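First up is the structure itself, then whatever we jot down about it.
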Amino acid sequence: MPTRDDGKLAPRFQGALSLVPLSVDKALSYLGDLKAAADAEGLERLSAWLSAAAQDKNRERLGAALSLSPHLEGLALRSPRWLEQLFDEEPKARIAALIASLQAPLSDDATEAGLMAELRQVRNEASFLIALDDLFGAATPLETTRHLSQLAEAAVARALRFCLSDLHRRGSLRLPNPARPEEGSGLFVLGMGKLGGEELNYSSDIDLIVLFEPEAEAVLDPPESVELFSRLARRLVKMIGERTRDGYVFRTDLRLRPDPSAMPLAVPVPTALVYYEGSGRDWERAAMIKARPIAGDEAAASAFMRDIAPFVWRRYLDFVAIGDIHAMKMRIDRHRGFESILVAGQNVKLGRGGIREIEFFAQAQQLIAGGRNPALRLRRTDEALARLGQEGWIESTTAEELTEAYWFLRRVEHAIQMVADEQSHTLPETTEELTRIAKLCNFETLEAFSQALTRRLETVEARFSSLFADHAPARSQEGATALLSDAEDEAALHWLSQLGYRRPADVGRIVQGWGAGRYRATRSEAAREQLVRVLPSLLEAFGKGQDPDNALAGFDRFLQGLPSGLQFFSLIASNPRLLELLALAITAAPRLADTISLRPHVFDALLDPAFYREIPTRELLRQRLSAFLRDAQFLEERLARLRIFASEQRFLVGIRLLAGAIEGEAAGAAFTALADVVLEVLVEAVEAEFRRAHGRVPGGRLVVLGLGRLGSGELTASSDVDLMLLYDHDPAAETSDGDRPLPVSTYYTRLTQRLIAALTSPMADGVLYEVDFRLRPSGNKGPLATHIDAFRKYQREAWTWERMALTRSRVLSGETDFAGEIRQAIREAIESHAQDPLLRYDVADMRARLDVQKPPRGTLDLKRLAGGLTDLEFIAQWAILTGTVPLDLIGRPTEQVLRELARRLPDRADADGLPAAMADFTRIVQLVRLGPGTAFNVSDLPAGLADRLARSLDLADQSGIEPHIADLAERVRAAFCALIPFEGAGDDKLPRS
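End of the sequence shown sits at 1553 in this note's numbering; the numbers just go up one at a time, nothing left out.
As structure tokens, then:
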């Protein structure tokens, strides 16, 4: 409180909560630093207050806040004038003034850079003051979240007004009222999640959906409105979310819009309504509960909210929503690994007993009854709980308990985020950092904080679990464990039949063998105790597959190879996600299942908590392969280890892909990095062994070129590798110089044959890679290895398809100088034909021939599908061959080439969607290649793999996969025909020079 009536001698801090510093000495030191900053800016009142001898509670609280939050300390030292301002007005008044400043009209000379700086400066000062009010108890958590939400809303609205006005100035829009750009623009922004409910947390991102009416008065060209407003949305995200020297305003996420993988950033209202009515899911209904128009055309927004209401609020009592929301929460738990309530490392948002459970508790019941009872249609969680209690849907004591726990957890969440302005919801692991959080929550000791937190978490978990008790999956502990001792237990066999096992008696005998200690993994008493705990879950998990009997038999083989079961059973008992992943691999991905059966120890890698976060880069794989080969001296031993390494690493990439830790794009890069590293070592080993017998060719130089998917960095789990071997030597050289010399051409041909044999010869662990050398000059008729001069000469007269293949070429191994010569030769071969008048005709003719000669075998046959992968690859190759995109894109992923093509053809709307189509097709082909090789339709896929594919494409379920592919293929083929038109075969159709 101020020390004098005039309020001029001290900052006008409010609130009565005390704050204990992490260290008194550090708090005093930070206050000293702050005084120095005040002196540097000539802030006399602040400096005098900081140096006053008299004890001052507010000064102590400020020092404590700075010692507890490096983020707040940094803001205060950079801008001490914010505190000087508080000598004249209270923080709440200043916060209101800052938010009001964003609502003022834009100046005529406003610029994007200037506005971005203004927004960030206002955000920094406001968030600093909001934090102090929160810590000092001057604002309740409700007020804190409301202030943060108002700040975000005002910032988005101001940025949107600027974007609309700028389009008006450029003549792209005709605003009915330029002084109020939003009116009649047709465009509006929905705040979703916590922003929509005015419950934003301290360092939250903001979820937005940008919608527009294509027939609005301001729209000059309705067919172009999607592109126009999507560019505006992209600019809006940049203005709000991009980090500059002034920081950022709010991290911004547009992924809650309808079907984000396919829809533009700005979605036409009619399109959105059709989507929600036909394909909307329960989680989207739950998300729409909090949807709130925060910026843009109010009339258009109000009309949309009226039209969307029937989707959100069903007319009947929708008890199905309980099960759906519970399943959603269960998926979160399985994905994140939340299996218990802790303090250290507890996620207060998504973990057990956390904020999300309270939100789901309220939303589930709002969805059940909100259609019949409009009084329940409330955005804020606390208001919804109160109304549910008032309306009799829950006990009033339950509403009070959950509301109190909700705001307590929100304060903890704010404290976590105030430390470093990071969007984290997880409590730290160390005692010191936990103590920091406890003190930011106004607790004097960590013990008191831990007790208070645990009490709330346990209360929330109990309430949440009781709501969903009737929807939890059924278990039969007795039936499962009976099988361990009696394979013929009738009740247990009946239970297995209900789970979906077709041969329950066979399954019973397998399980009894585990109980009898037939395998090492089940011989110890401790291991069998853990097996009893996990057995019901295990049998249920395999029962969900298409062929549970064979799946369980596969798991039995896995168990047979396991040296010890205690750790494994304990792990899956406490983390069912691993069990479900194992079951999914065995039932849905035969290639992965084969690896598990042959080498069960590959599963060990999944026990590492970092496994799912780690992306295997070339450098990381090189290090691991080097260690794996360290004591392998002979070629055969190195080849055997290379097979093991490649097989296991392919499995680990595949299991990440199957689990959803990575998507197809990252998987392609990882599979390629693995092949690069393996081939690099293999070529070196084979060449060294060959030289022992045949010596070297004088001046001999060698390069191995990768082509096809290997060259463009898009390998899949089952890809073969397309290679070409090029060499050079001294002009006078005729033979090698070893004990068994060979003529030069024979030398390199034999060396290539050895390399092929090393890759393809079957050993105990199978082949390393299937190899294809048909892309070399003259194909199968030409020599296996090609001299660089012959390569250059051949390329001068090469067919168009052969130059197309070169656009996906990449040097894999070889001497640096020679590799540079090869790259230059490839560039020259492509560049010299860029103006060939037949080029476009050849590409189009080739695609037309493939349509006839190799029709697709099903929807998932993306390589042959009209409008599928081949169309996209041909477009990218044509773009490189014609110089439409730079030659630097030779050997780059197809999606990257298509992105550059779209960027260079801004007026071609048909090119705009090609990168996204390639991304989706990549995801499809990567996942499908994990499954059976004969799967050409979704119905051919194992159910688990089809479900994973649907999730990867962000589709409601697998029924949407084939329509989605058909839609993409139609658009891709249309783009192909527009970019590379084909008028038919025959001399009369050839281009005329």
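Backbone N, C-alpha and C define an ideal beta-carbon position, used for all residues, glycine too. Bear in mind that the values here come from a model prediction, so they are computed numbers and not experimental data.
Under 8 Å, do residue i and residue j count as touching if we go by C-beta distance?
i: Asp-1109; j: Arg-1069; result: no
i: Gln-983; j: Ser-763; result: yes
i: Leu-1185; j: Val-1237; result: yes
i: Val-1126; j: Ala-1101; result: Per the sequence shown, residue 1126 should be read as Leu rather than Val. Going by C-beta atoms, Leu-1126 is not nearer than 8 Å to Ala-1101.
i: Leu-1262; j: Met-1284; result: no
i: Leu-1234; j: Ala-1206; result: yes
i: Glu-644; j: Arg-605; result: yes
i: Gln-681; j: Asp-765; result: no
i: Thr-1430; j: Arg-1407; result: yes
i: Gly-949; j: Trp-873; result: no
i: Val-908; j: Leu-962; result: no
i: Ser-790; j: Ala-832; result: no
i: Leu-780; j: Phe-748; result: no
i: Val-1067; j: Leu-1112; result: yes
i: Tyr-836; j: Ile-868; result: yes
i: Asp-1297; j: Arg-1256; result: yes
Classify residue i as helix, strand or coil using the three-state DSSP reduction.
i: Asn-933; result: coil
i: Pro-1169; result: Low per-residue confidence applies at Pro-1169: pLDDT is 49, beneath 50, and the placement is therefore not dependable enough to give any value.
i: Arg-740; result: coil
i: Asp-1405; result: helix
i: Asp-1421; result: coil
i: Val-1327; result: coil
i: Gly-1060; result: coil
i: Asp-585; result: helix
i: His-974; result: helix
i: Pro-830; result: helix
i: Asn-684; result: helix
i: Ser-785; result: helix
Could you name the residues of the same chain whose beta carbon sits closer than 7 Å to that of residue i, not counting the 5 residues immediately before and after it, in chain order?
i: Gln-1486; result: Leu-1217, Gly-1224, Ala-1227, Gly-1228, Thr-1276
i: Leu-1465; result: Ala-1471
i: Leu-1010; result: Position check: residue 1010 holds Ser in this sequence, whereas Leu was assumed. Once the five neighbours on either side are set aside, the close Cβ partners of Ser-1010 are Val-903.
i: Gly-757; result: Lys-850, Arg-939, Arg-940, Thr-941
i: Gly-575; result: Asp-693, Phe-696, Gly-697, Ala-698
i: His-974; result: Asp-694, Thr-704, Asn-761, Tyr-762
i: Val-1331; result: Asp-1280, Val-1281, Leu-1283, Ile-1316, Leu-1319, Thr-1320
Roughly how many whole angstroms lie between the Cα atoms of residue i and residue j?
i: Ser-1025; j: Glu-1174; result: 33 Å
i: Ala-1192; j: Leu-1447; result: 41 Å
i: Leu-1027; j: Tyr-808; result: 40 Å
i: Val-829; j: Glu-773; result: 6 Å
i: Ala-1365; j: Glu-1460; result: 19 Å
i: Ala-1047; j: Gly-1493; result: 36 Å
i: Lys-999; j: Ala-863; result: 47 Å
i: Leu-727; j: Ala-1476; result: 26 Å
i: Leu-610; j: Ala-1012; result: 34 Å
i: Arg-1151; j: Leu-1490; result: 6 Å
i: Arg-896; j: Gly-1220; result: Residue confidence is low: Arg-896 scores 44 on pLDDT, short of 50, so the model does not pin down where it sits. No coordinate-derived value is stated.
i: Leu-1432; j: Thr-1482; result: 11 Å
i: Ser-1272; j: Ala-1439; result: 15 Å
i: Ala-822; j: Trp-843; result: 18 Å
i: Lys-1423; j: Leu-1449; result: 22 Å
Taking 8 Å as the limit between beta carbons, can you name the residues of its chain near residue i, skipping five residues before and five after?
i: Ala-587; result: Pro-581, Glu-620, Gly-623, Ala-624, Leu-626, Ser-627
i: Arg-1201; result: Phe-1188, Leu-1189, Ala-1192
i: Thr-1346; result: Met-1284, Leu-1285, Leu-1286, Tyr-1287, Arg-1336, Pro-1337, Tyr-1354
i: Phe-1115; result: Leu-1098, Phe-1102, Leu-1142, Ala-1143, Ile-1146
Against chain B, with Cβ distances strictly below 8 Å, would residue i count as a contact?
i: Ala-1200; result: Of the protein chains in this structure there is only one, and it is not chain B.
By Cβ distance, which residues of its chain are closer than 6 Å to residue i, with the 5 residues on each side in sequence left out?
i: Glu-917; result: Val-1020, Phe-1024
i: Arg-1387; result: Leu-1447
i: Arg-618; result: For clarity, residue 618 is Asn in the given sequence; the question names Arg instead. If we look at Asn-618 and ignore the five residues flanking it on each side, its Cβ neighbours are Phe-573.
i: Thr-1232; result: Gly-1273, Leu-1275
For a test of your reading of the model: does the CB of residue i fall under 7 Å from any non-hydrogen atom of the ligand GTP? Yes or no.
i: Leu-1311; result: The model on display carries no ligand, and the ligand GTP is accordingly not part of it.
Identify every run of the alpha helix (DSSP H) within the region 1063-1117, keeping only runs that are complete inside it and at least 4 residues long; order them along the chain.
-> 1064-1075, 1085-1103
Please go through the region 693-726 and give each complete alpha helix (DSSP H) segment of 4 or more residues, from N-terminal end onward.
-> none
Run through the region 1437-1504 for me and flag every whole alpha helix (DSSP H) of 4 or more residues, listed as ranges in chain order.
-> 1454-1464, 1469-1472, 1474-1488
Can you list, in chain order, the stretches of the alpha helix (DSSP H) that have 4 or more residues and sit fully within the region 1163-1246?
-> 1178-1188, 1195-1219
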